Amino acid sequence: MNKILEVSNLSKSYKDFSLKGINITLEKGYIMGFIGPNGSGKSTTIKLIMNLIKKNSGNIKIFGLDNEQNNIAIKERIGFVYDENHFYEELTVKEMKDVISPFYSRWDERIFNKYVKDFELPLNKEIKHLSKGMKMKFSLAIALSHQAELLIMDEPTSGLDPLIRSELLDVLQSLLQDENKSIFFSTHITSDLDKIADFITLINNGEIILSKTKDELLEEHCIVKGSKKQLNNDQGNFIGLKQNDFGFEALSKNKKEVIKQFGDSIMIEKPTLEDIMVFYTRRSDHHVSSH
Amino acid sequence: MYHLIKKDILMQKRALKLSILLIIFFTFTLSNIGPAGLTIGVLAITYQLALGASALEDKNNSDIILISLPIKRTTIVLSKYVSIYFYAAYAILGFYLAYLIINLLNLRLDIPFNFTGLIGAIIAVTLFCSISFPLIFKYGFLKAKMANLIIFFVFVFGGTGLVSYLSENNKLMLSQDLITFLKNRSDIEIFIILMVPLVLILICSYFVSLNFYRKREF
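Taken in sequence, the protein lines are chains A and B. If you count the first sequence from 1, position 11 lands on 11 in this note's numbering, and the numbers rise without skipping. If you count the second sequence from 1, position 76 lands on 76 in this note's numbering, and the numbers rise without skipping.
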């Protein structure tokens with residue numbers, strides 16, 4: 001069984017937003033970056049995976065098990081880090097750990113103490129007096145101390161300074177040396193994923209726009225830059241287009257065709273994940289569908 | 001379950017200290033109204049602690065953590081119900097200590113610490129939580145706050161009002177029959193007679209709460 005997470009035809013409707021039958025598959029030993037703009041459905045998907053909300057239809061299988069029927073068995077094997085602190089702020093770090101640890105049958109105090117040392121967590125400080133970075137580190141220490149096979153992270157880096165973000169990413173990278181661990185990491189800060197992600201899934205407006213390996217994604221897309229004069233009516237090769245007084249910038253999935261169309265007069269660059277996300281999801285009149 | 005109750009107690013360190021002051025305050029102010037004083041005192045302390053725990057839970061939106069941990073929703077709901085008796089025991093112990101100290105010092109205070117007051121306290125606490133908890137499990141503490149406050153005052157004033165109404169109008173057949181019936185029973189018998197419907201109410205309340213909590217989204 002290599003599929004750690006398998007989401008199929010998952011739907012959830014709210015008054016003003018709906019998740020429209022999404023499909024996601026994450027294999028064992030990989031990090032999947034789940035990207036999309038704010039309000040695109042990332043948190044809703046994670047809440048459904050974690051059973052915090054009820055789905056309307058579809059299936060979620062984790063470790064090959066249905067996530068509703070095997071809720072407890074699955075949660076034993078999951079570590080989670082959320083974007084905000086939901087721990088009890090009135091408790092100290094140690095008290096909170098003492099409350100949580102008995103619920104995990106595979107809790108390893110040694111690993112927790114190692115992270116406490118590495119992260120310099122103040123055990124006797126109330127959680128409300130910790131900085132945002134420290135709260136996230138505490139959350140991560142809890143998530144990593146019970147031999148979780150899947151880490152679910154909902155925007156763990158939002159609001160953190162670059163130093164702590166980089167520290168977190170280093171920890172995640174070192175974790176993946178263990179081939180049994182997988183990470184599902186949602187973020188709108190795509191630069192976090194440049195270093196660590198194996199797969200990228202892009203969601204927008206409750207729909208999965210694409211899901212493939214990061215290398216494939218960066219390889220098959222290109223950024224095209226040129227002057228406005230060069231921009232003719234045929235924009236079929238562009239996924240998204242930005243124009244200003246000086247020229248245009250576009251994302252394309254068809255490098256060869258673009259070169260054929262424009263010749264050497266245009267500049268072709270490698271895109272970043274941010275470019276890909278922005279061009280695929282921008283709410284602009286200049287958006288050109290790739291389909 | 002033990003760890004969830006411990007968590008509720010730990011996060012209310014300040015409230016527990018405050019409740020000691022409340023126990024002292026109630027010992028002096030409610031000492032002249034007989035056993036009802038003990039009932040009201042225990043109910044007030046339990047109310048403060050049971051709802052205080054829910055308030056802190058709501059403030060941190062910590063249900064998200066509990067649901068994300070390998071904890072059954074039945075355990076979460078049950079631990080809340082069991083915790084009220086821990087709070088009630090704490091309050092009773094507090095009043096008992098106050099009673100002992102006052103007796104030891106021979107102070108001229110008639111502290112109402114007796115079996116009737118204790119039964120009253122357990123009944124009041126059970127009924128109160130049986131009504132309040134389903135609302136909290138459905139809507140969360142903040143949204144259920146006003147309704148719970150109304151319930152609390154209806155309980156305190158309505159309960160004492162009903163007792164005084166019944167005792168003032170003891171010519172009423174019902175109250176007379178009731179009084180005669182109860183007079184002929186021992187405290188233990190009364191306790192058992194009252195416990196059966198009470199336990200039924202508590203069980204119903206638990207299942208309603210559990211049903212609400214299972215459907216609740218975070």
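We put the beta carbon where it would ideally sit given N, CA and C, even for glycine. Owing to the predicted nature of the structure, the values given are computational and were not obtained by experimental measurement.
Can you find a CB in chain B that lies within less than 9 Å of the CB of residue i?
i, result
"proline 102 of chain A", "yes"
"histidine 291 of chain A", "Low local confidence applies: a pLDDT of 35 at histidine 291 of chain A is under 50, so the model's placement there is unreliable, with the coordinate-based value given in what follows. No - not a single Cβ of chain B is within 9 Å of the one on histidine 291 of chain A."
"leucine 151 of chain A", "no"
"phenylalanine 80 of chain A", "yes"
"tyrosine 88 of chain A", "yes"
"valine 99 of chain A", "yes"
"lysine 75 of chain A", "yes"
"methionine 50 of chain A", "yes"
"asparagine 59 of chain A", "no"
"asparagine 56 of chain A", "no"
"lysine 181 of chain A", "no"
"serine 47 of chain A", "Contrary to the premise, residue 47 of chain A reads as lysine rather than serine in this sequence. Chain B contact via Cβ: present."
"glutamate 155 of chain A", "no"
"asparagine 85 of chain A", "yes"
"glutamate 274 of chain A", "no"
Does the CB of residue i have a neighbour CB from chain A at under 9 Å?
i, result
"asparagine 61 of chain B", "yes"
"glutamine 48 of chain B", "no"
"arginine 14 of chain B", "yes"
"glutamate 189 of chain B", "no"
"isoleucine 65 of chain B", "yes"
"lysine 138 of chain B", "no"
Pull up the DSSP beta-bridge partners for residue i, would you.
i, result
"leucine 38 of chain B", "DSSP, once it has assigned bridges, lists no residue as partnering leucine 38 of chain B."
"glycine 226 of chain A", "A/Phe248"
"methionine 50 of chain A", "Note: methionine 50 of chain A sits in no beta bridge, so no partner."
"glutamate 207 of chain A", "A/Asn204"
"glycine 79 of chain A", "A/Leu151"
"methionine 267 of chain A", "A/Lys225"
"phenylalanine 185 of chain A", "A/Gly33 and A/Met153"
"lysine 255 of chain A", "Per DSSP, none; premise fails for lysine 255 of chain A."
"serine 57 of chain A", "A/Ser11"
"aspartate 66 of chain A", "A/Lys61"
"leucine 142 of chain B", "According to DSSP, leucine 142 of chain B bridges with nothing at all."
"threonine 213 of chain A", "A/Phe199"
"glutamine 243 of chain A", "A/Phe248"
"phenylalanine 238 of chain A", "A/Ser252"
"threonine 116 of chain B", "DSSP lists no partner for threonine 116 of chain B."
"threonine 92 of chain A", "A/Glu126"
Counting only Cβ pairs nearer than 8 Å, list the residues of chain B close to residue i.
i, result
"isoleucine 53 of chain A", "Glu217 and Phe218"
"glutamate 68 of chain A", "Here the premise fails: no neighbours, minimum Cβ distance about 11 Å."
For residue i, go through chain A and note every residue whose CB falls closer than 9 Å to its CB, in chain order.
i, result
"lysine 183 of chain B", "Going along chain A, no residue has its Cβ under 9 Å from lysine 183 of chain B, so there is no contact; the nearest lies around 48 Å."
List the residues of chain A whose Cβ lies closer than 7 Å to the Cβ of residue i, in chain order.
i, result
"leucine 56 of chain B", "Tyr88 and Glu90"
Give the interface partners of residue i over in chain B, defined as CB-CB distance under 9 Å, in chain order.
i, result
"valine 93 of chain A", "Within 9 Å Cβ-Cβ: nothing; valine 93 of chain A doesn't reach chain B, min ~12 Å."
What in chain B is Cβ-close to residue i, meaning under 7 Å?
i, result
"isoleucine 292 of chain A", "Because chain A is modelled from 1 through 291, residue 292 of chain A falls outside the range shown and cannot be assessed."
Using a Cβ-Cβ cut-off of less than 8 Å, give me the residues of the stretch 69-81 of chain B that come near chain A, in sequence order.
Leu69, Pro70, Ile71 and Lys72
Alpha helix (DSSP H) segments (min. 4 residues) lying fully within the stretch 1-50 of chain A:
42-49
Between the stretch 4-33 of chain B and chain A, which residues of the former have a C-beta closer than 7 Å to a C-beta of the latter?
Lys6, Lys7, Leu10 and Met11
Quick one: complete alpha helix (DSSP H) runs, 4+ long, within the stretch 104-150 of chain A?
109-119 and 132-144
Which runs of the alpha helix (DSSP H), 4 residues or longer, sit entirely within the stretch 69-106 of chain B?
73-104
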